[in-house]
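Student:
There are 4 protein chains.
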Amino acid sequence: MIKVGIVGGTGYTGIELIRLLCTHPNVEIQTITSRSEAGRPLSSLVPNFFAMSQLVFQEPTVEVLSQCDLVFFATPNGTAMKMTPHLLDAGVRVIDLAADFRIKDIATWEQWYGEPHACPDLVAEAVYGLPELNRNAIKQARLIANPGCYPTSVILGLLPLLKNDLVNVTHLIADTKSGVSGAGRGANIGTLHAEVSENFKAYGIAGHRHQPEINAILNTVSSAESVQLTFVPHLLPINRGIHATLYATAKESVENLTEIYREHYRSEPFVTVLDEGEHPETRSVRATNHCVLSVNRVSKDQIVVLSVIDNLVKGAAGQALQNMNLMYDLPETLGIEAIGLLP
Amino acid sequence: MIKVGIVGGTGYTGIELIRLLCTHPNVEIQTITSRSEAGRPLSSLVPNFFAMSQLVFQEPTVEVLSQCDLVFFATPNGTAMKMTPHLLDAGVRVIDLAADFRIKDIATWEQWYGEPHACPDLVAEAVYGLPELNRNAIKQARLIANPGCYPTSVILGLLPLLKNDLVNVTHLIADTKSGVSGAGRGANIGTLHAEVSENFKAYGIAGHRHQPEINAILNTVSSAESVQLTFVPHLLPINRGIHATLYATAKESVENLTEIYREHYRSEPFVTVLDEGEHPETRSVRATNHCVLSVNRVSKDQIVVLSVIDNLVKGAAGQALQNMNLMYDLPETLGIEAIGLLP
Amino acid sequence: MIKVGIVGGTGYTGIELIRLLCTHPNVEIQTITSRSEAGRPLSSLVPNFFAMSQLVFQEPTVEVLSQCDLVFFATPNGTAMKMTPHLLDAGVRVIDLAADFRIKDIATWEQWYGEPHACPDLVAEAVYGLPELNRNAIKQARLIANPGCYPTSVILGLLPLLKNDLVNVTHLIADTKSGVSGAGRGANIGTLHAEVSENFKAYGIAGHRHQPEINAILNTVSSAESVQLTFVPHLLPINRGIHATLYATAKESVENLTEIYREHYRSEPFVTVLDEGEHPETRSVRATNHCVLSVNRVSKDQIVVLSVIDNLVKGAAGQALQNMNLMYDLPETLGIEAIGLLP
Amino acid sequence: MIKVGIVGGTGYTGIELIRLLCTHPNVEIQTITSRSEAGRPLSSLVPNFFAMSQLVFQEPTVEVLSQCDLVFFATPNGTAMKMTPHLLDAGVRVIDLAADFRIKDIATWEQWYGEPHACPDLVAEAVYGLPELNRNAIKQARLIANPGCYPTSVILGLLPLLKNDLVNVTHLIADTKSGVSGAGRGANIGTLHAEVSENFKAYGIAGHRHQPEINAILNTVSSAESVQLTFVPHLLPINRGIHATLYATAKESVENLTEIYREHYRSEPFVTVLDEGEHPETRSVRATNHCVLSVNRVSKDQIVVLSVIDNLVKGAAGQALQNMNLMYDLPETLGIEAIGLLP
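The listed protein sequences derive, respectively, from chains A, B, C and D.
No gaps in the numbering here: position 323 of the first sequence is 323 in my numbering, and each next residue is one more.
Each position in the second sequence, counted from 1, maps to that position plus 343 in my numbering.
Each position in the third sequence, counted from 1, maps to that position plus 686 in my numbering.
Each position in the fourth sequence, counted from 1, maps to that position plus 1029 in my numbering.
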């Protein structure tokens, strides 16, 4: 049994992580921590866990967390980087679901996240935890930077195009739409029901933190010139789900895009490529770790990729478990085999 | 033209009030005030008003408000009672959309609202602004206590039964459901989209402030023994609308309940009684000042009344305008004739 | 392995049943059938099953179904009663998720379901599949009448009151609210998104089929006079979930209602009794087989019970699995241990 | 008073049209017609109209409709073209809210709408009813082709760019999202609440009828080479509203895009241009005839325009009234001055 700790188990990502870990056969939850809720039973904060009332939030101390084999951080940005050095020193492996270790370029990170980085050297060591890209490195890693939700949907959607050098990488467009759980569980007028429901809007048109993350990863993949991605996120009046609509211009007349995608993802357990002309739906992957794609040639040189994930699962907690499974040499799909609910 | 001021124009009720007043032909908005947003154009807070950018929030001072003929308070409970004495002294009439003047019994008020009342004498003078009950008094009033949203739906639903002494008043039940705008525009985890949507629950089972308000008003109507109402509110995952399902036991075999209701509300412009067996829908009255009812005998002695209103209109801002129209001897429906949107 | 067949796997109940059966460790799905979709892969109808593409709808014939150990009917009312006699004769056990075997009184059934019953004798044999009421009979049964969704929530909410003879049974009230999946997956204007969302209404005020079902079961429990239940269903703009708000008048001053409920449900794996004053939420049981209750004394003699279930799980497919587990002497919770998603 | 008739008043567009016409001061509704609902009072079909019960659906005959000055068709595609010649002959003016007269090229129309056109000559005469483009022609027109909802949002968003020849027109992208009322009020599994809510998907990736309409109009505007627009529509889980996210590549370094847009729309009563970096929201224009835009330079040559309308108002019924106002020399905003509801 892997003894795990979860730091920050009170947000939507943390709660989802606990939910998944509770039923994972090789995991024993050693501790869940929350500074604000220390002493409170999990089932009192989230009645959904009424059958598991033994879990109680503790103070997040290095001492407590050092008793774990693996610690997940489901905390706001800037938290994991403060505790991670101590945990690694104590022989604990770490998966950070926030952004502290995702961007290798420290100056870029500090510009977007607005504070000095606490351990730049560990950023260099951290592995970007997208199994479809870095599976082997993940297996050996002490420290995983779990990808952002938008980046997961966008990168998986564009990977086969860039790997095969099929498109003009200077004018990529990602028109992305996310359910509101992506904005977290904080008290906020902008995410009230009466503000979000029966409404739709873009946000972050002037710049969003996930854009440099996507750019940096795509640049490691593209053999061609520097990637330029236009990234426009929108807020969907749903709780879970991301839909990325991706636009790229083909370099020359490519045939058989769907076959290229299927070949690329042939052995991936969590990526499904639909036929051209089919429309992935966010609900098909709700509460699952899947990414579903279709790739479409809509005119001579215009390619449109449709990509969906559940932002809390493949975009966060589920992918973290997938990484854990790899790190501990378990079957990659263990504990994350759920079939999406309908409706 | 009536010169009006609105204190507290940043919540859902205040915004709805401004929206309605903007198109009322006999009204000139003299000032909108907000302590927190003073200096900010209304259209910057609520883009819906982009065509009316001249309105700018001011500090709510007695000086500014004394230049009005009529001041509406769309503020949290406990605010209106502090300014109202000064405004009345200055010859300004007042309509309070909060609860400061709704309950005549000061001890009861102080118990439920948790602070000493600032002007108990004015409570005695204030008229409970339900036109279907107090039309004549409203016309003469200097100070109106605009009814709560739940009380409006429940009282209109029960009035003909109690006036005609048809039911046992010691076991009335109001199972009520309200859209989330009733909880206001404050930042609050409990009213986030991801908490409210795809969810339904009761709240306030241990006691809700609208229950003593309803009880007090029903007791003024009932010629029989003291009214005992069980009141269970529920939170609906919609933005606007209240549905009250009301249960009462008939004293004896009453016939023609629908006719009794129609007779009672014969000259009311804003109350419609459907045929028995029909189901009022909240959307039918969305953004309108109407209350739609049906009254049903479901067994020998069991009566079920279904009653719907828009909590922000007939349950708040629209009823306030109806009261204003009465106070200024205008046609009662002026400015509040809207037909409900579908969908 | 239990070889199961599912007749009518294209509605929400049937799809939910397949989803649950797919991951049940002791089940092998022998066949899924649909007259209208015969020949079509399940994953083409419901992309959520893209990882299980081997299942293909077949014609529902006695021949095909006779190869199963157990057949579930997730069909419209009136279908199961036509095939069940042949299947039982062939030694196949049957769980009907529709209403064909729920009401013992044939005349009542025929009045509410509008056709002659095809096998009245089997109605007598059928066991009403509410494990909390009939666990032992279920274990031996050849034929299970799986309870309706409303009846499950209402009966579980009232059972301890009636068993202990604590309330006046002639004036019970069930104000119930159901998510829209309860209305099925048929093309219907009344359940369009633009009709249901941002709306709330009662329906069936003149009479609903679940009322005689509830009455009949409660009468088997009540030692007192004949049960009279007022039943008012409402349509909630959510997909899954039932909330029953139950009103009963205490016979005399009863103390410790919560303890009575907890004692009653002490060994039930799927019923949780919250503290008095707490509010069960439909989302806490979403996609789970749980019923969560609280029982509240709101005045001297007025009791209010709040009861929630997921209409597709404890109200349909999950309860069917619970019954199956009992029939095959498996752990009662096997395959239905899910923790509710948040959000 | 203009005597108007509405053919097809039972869908969402027709109902919205009646709602707006009911309160227009210069209009008298002469007849509303529906083949399927002839004889039925409007208020029985749509209870929202309970205060206007005099309107009753009639059979749509040329005889009845010839008594009108103006007839609106809110019918399925292919209906208006059959009656329009007779009405024009009778001296009646016509506004078709469907697509029968929108595309000048008959072959293209017949390809997308799948039937021979009944009156190709009238297509040539018809004026495309986008006032911001064709105001003068509309004033004189006998026959108006009211624009599609998507085309309205896309064309208004791109017009200033194309008129001023600022962008490369061969790679325009319109990523559009529409509320579900755009799919009409027919009974359809795909638009059920349980299918649409908590879900998001693209549709029509292989081709959508609004694309040739947009292309044709944009080509009349663009002085440059032939317009090539990639058009990807998505289904939003809201009732009303369209959000178009438009991508265009600047020809050279253009400055002051927002000023160019503001200058272009300076005298338009229904188009508002926000500051760069602001995000139009669909709810800001809900139930209004406004289009709200922002235009953003997100990199050296990448322009992103955000454009919102209410699909049933500016995208259908409201624009039809705007056209009527122009045709009858009334103030252009008469009867369509509503301020958007919040929430």
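Note that beta-carbon positions come from the ideal geometry of N, C-alpha and C, so glycine has one too.
What you are looking at is a predicted structure, and each value in this text was computed from that prediction instead of being measured.
Of all the CB atoms in chain C, is at least one closer than 9 Å to the CB of T1220/D?
Tutor: Here residue 1220/D refers to the residue found at position 191 when the fourth sequence is read from its first residue. Yes, T1220/D lies at the interface with chain C (some Cβ there is under 9 Å from its Cβ).
Student: Going by CA-CA distance only, name the one from A433/B, I498/B and G620/B that's closest to N562/B.
Tutor: The residue labelled residue 562/B in the question sits at position 219 within the second sequence. Looking at the Cα atoms, I498/B is the closest of the given residues.
Student: Over the uninterrupted beta strand (DSSP E) stretch that includes R436/B, give me the two end residues.
Tutor: On the second sequence, position 93 is the one that residue 436/B refers to. Start and end: R436 to D439.
Student: Do F1102/D and A1127/D have their CB atoms nearer than 9 Å?
Tutor: Your numbering for residue 1102/D matches position 73 in the fourth sequence. Your numbering for residue 1127/D matches position 98 in the fourth sequence. Contact flag set, yes.
Student: If we define contact as Cβ-Cβ less than 9 Å, is P966/C a contact residue for chain A?
Tutor: Taking the third sequence and counting its residues from 1, one reaches residue 966/C at position 280. So, interface residue.
Student: I need the straight-line Cα distance from V94/A to L17/A, nearest angstrom please.
Tutor: By 1-based counting over the first sequence, the position of residue 94/A is 94. By 1-based counting over the first sequence, the position of residue 17/A is 17. The straight-line gap from Cα to Cα measures roughly 14 Å.
Student: Please confirm whether V1036/D and T1108/D have their CB atoms less than 9 Å apart.
Tutor: On the fourth sequence, residue 1036/D is found 7 positions in, with the first residue counted as 1. On the fourth sequence, residue 1108/D is found 79 positions in, with the first residue counted as 1. Closer than 9 Å, so yes.
Student: Can you pull the DSSP bridge partners for Y590/B?
Tutor: If you number the second sequence from 1, residue 590/B lands on position 247. DSSP, once it has assigned bridges, lists I516/B and V647/B as partnering Y590/B.
Student: Going by alpha carbons, who is nearest to G157/A out of I336/A, L334/A and L306/A?
Tutor: Stepping through the first sequence from its first residue, residue 157/A is reached at position 157. Among I336/A, L334/A and L306/A, the Cα nearest to that of G157/A is on L306/A.
Student: According to DSSP, simplified to helix, strand and coil, what is Y471/B?
Tutor: By 1-based counting over the second sequence, the position of residue 471/B is 128. Reduced to three states, the DSSP call for Y471/B is strand.
Student: Look at the Cβ atom of V123/A, then the Cβ atom of K139/A, and state whether they are nearer than 9 Å.
Tutor: Residue numbering aside, residue 123/A sits at position 123 when the first sequence is read from its first letter. Residue numbering aside, residue 139/A sits at position 139 when the first sequence is read from its first letter. No. Outside cutoff.
Student: Among residues of its own chain, excluding the 5 on either side of P1372/D, which ones have a beta-carbon nearer than 8 Å to its beta-carbon?
Tutor: Mapped onto the fourth sequence, residue 1372/D falls at position 343. Contacts found: R1312.
Student: When every heavy atom of the ligand MG is checked, does at least one fall within less than 8 Å of the C-beta of A810/C?
Tutor: With respect to small molecules bound, the structure shown includes none, and the ligand MG cannot be examined in it.
Student: In chain A, which residues lie less than 7 Å from D1204/D when you measure between Cβ atoms?
Tutor: Taking the first residue of the fourth sequence as 1, we reach residue 1204/D at position 175. Under the 7 Å cutoff, chain A gives D175 and T245.
Student: Which class does F735/C belong to by DSSP, given the choice of helix, strand or coil?
Tutor: Your numbering for residue 735/C matches position 49 in the third sequence. Correct three-state label for F735/C: helix.
Student: Have a look at the DSSP bridge pairing and note the partners of A317/A.
Tutor: Your numbering for residue 317/A matches position 317 in the first sequence. The partner list for A317/A (beta bridge, DSSP) is empty, contrary to what the question assumes.
Student: Which bits of chain B does I792/C rub up against, with CB to CB less than 7 Å?
Tutor: Here residue 792/C refers to the residue found at position 106 when the third sequence is read from its first residue. By Cβ distance, chain B contributes nothing, its closest Cβ being about 23 Å from I792/C, past 7 Å.
Student: Secondary structure at G1215/D, three-state DSSP: helix, strand or coil?
Tutor: If you number the fourth sequence from 1, residue 1215/D lands on position 186. Correct three-state label for G1215/D: coil.
Student: Counting only the same chain and skipping the five closest in sequence on each side, list residues whose C-beta sits under 8 Å from that of E1227/D.
Tutor: Position 198 of the fourth sequence, counted from the start, is the residue given in the question as residue 1227/D. Cβ within range, chain order: P1266.
Student: Between D961/C and the rest of its own chain, which residues show a CB-CB distance below 8 Å, the 5 nearest in sequence each way excluded?
Tutor: Looking up residue 961/C in the third sequence gives position 275. These residues qualify, in order along the chain: T944 and S980.
Student: Report the residue from Y933/C, P711/C and V778/C whose alpha carbon sits nearest the alpha carbon of V990/C.
Tutor: As a working note, residue 990/C is residue 304 in the third sequence. It is Y933/C.
Student: Can you check the stretch 202–240 of chain A for any beta strand (DSSP E) of at least 3 residues that lies completely inside it and give the ranges in chain order?
Tutor: Counting only runs of 3 or more, we get 229–236.
Student: Run through DSSP, which three-state label would V405/B get?
Tutor: For this step, residue 405/B is matched to residue 62 along the second sequence. Helix, per DSSP.
Student: Whose C-beta lies closer than 6 Å to the C-beta of I268/A among residues of the same chain, with five residues either side of it excluded?
Tutor: As a working mapping, residue 268/A is identified with position 268 in the first sequence. It is worth fixing the name first, because residue 268/A is Glu in this sequence and not Ile. Here the set comprises E132.
Student: If you check the beta carbons only, do A1147/D and G1158/D fall under 9 Å apart?
Tutor: Walking along the fourth sequence from the start, residue 1147/D turns up at place 118. Walking along the fourth sequence from the start, residue 1158/D turns up at place 129. Contact flag unset, no.
Student: Which residue comes first and which comes last in the alpha helix (DSSP H) that contains G348/B?
Tutor: Working through the second sequence from its first residue, we reach residue 348/B at position 5. Here G348/B belongs to no alpha helix (DSSP H); instead the beta strand (DSSP E) covers I345 to V350.
Student: Cβ closer than 9 Å: which chain F residues qualify as neighbours of H208/A?
Tutor: No chain F appears in the structure shown, which is made up of the protein chains A, B, C and D.
Student: For N311/A, which residues in chain B fall below 9 Å Cβ to Cβ?
Tutor: Numbered from its first residue, the first sequence carries residue 311/A at position 311. Neighbours of N311/A on chain B: none; closest Cβ ~11 Å, over 9 Å.
Student: Apply the 10 Å Cβ neighbour rule to T696/C and answer buried if 16 or more other Cβ atoms are within range, or exposed otherwise.
Tutor: Within the third sequence, the letter at position 10 stands for residue 696/C. Burial call: buried.
Student: Please work out which residues of its chain come closer than 6 Å, Cβ to Cβ, to G491/B, disregarding the five sequence neighbours upstream and downstream, and give them in chain order.
Tutor: If you number the second sequence from 1, residue 491/B lands on position 148. If we look at G491/B and ignore the five residues flanking it on each side, its Cβ neighbours are H553 and E556.
Student: Quick one: which chain A residues come within Cβ less than 8 Å of E954/C?
Tutor: For the purposes of this step, residue 954/C is taken as residue 268 along the third sequence, with counting starting at 1. Those do not exist, as E954/C stays about 12 Å from chain A at its closest Cβ, beyond 8 Å.
Student: To which residues of the same chain is R1093/D closer than 8 Å at the C-beta, ignoring the five residues directly before and after it?
Tutor: Your numbering for residue 1093/D matches position 64 in the fourth sequence. Correcting the residue identity first, residue 1093/D is Val in this sequence and not Arg. G1034, T1060, T1062 and Q1087, listed in sequence order.
Student: Given E28/A, which residues of its chain have a CB within under 6 Å of its CB, disregarding the five upstream and five downstream residues?
Tutor: Translated into positions along the first sequence, residue 28/A becomes position 28. So the list reads M1 and K3, once near-sequence residues are dropped.
Student: List the residues that DSSP assigns as beta-bridge partners of T717/C.
Tutor: For the purposes of this step, residue 717/C is taken as the residue at position 31 of the third sequence. Paired residues: G691/C.
Student: Taking C-beta to C-beta, are V1321/D and V1342/D nearer than 9 Å?
Tutor: On the fourth sequence, residue 1321/D is found 292 positions in, with the first residue counted as 1. On the fourth sequence, residue 1342/D is found 313 positions in, with the first residue counted as 1. In this structure, V1342/D does not lie closer than 9 Å to V1321/D by Cβ.
Student: Please report how far the alpha carbon of T1205/D lies from the alpha carbon of K201/A, in whole angstroms.
Tutor: As a position in the fourth sequence, residue 1205/D is number 176, starting the count at 1. As a position in the first sequence, residue 201/A is number 201, starting the count at 1. Each residue's Cα considered, the two are about 11 Å apart.
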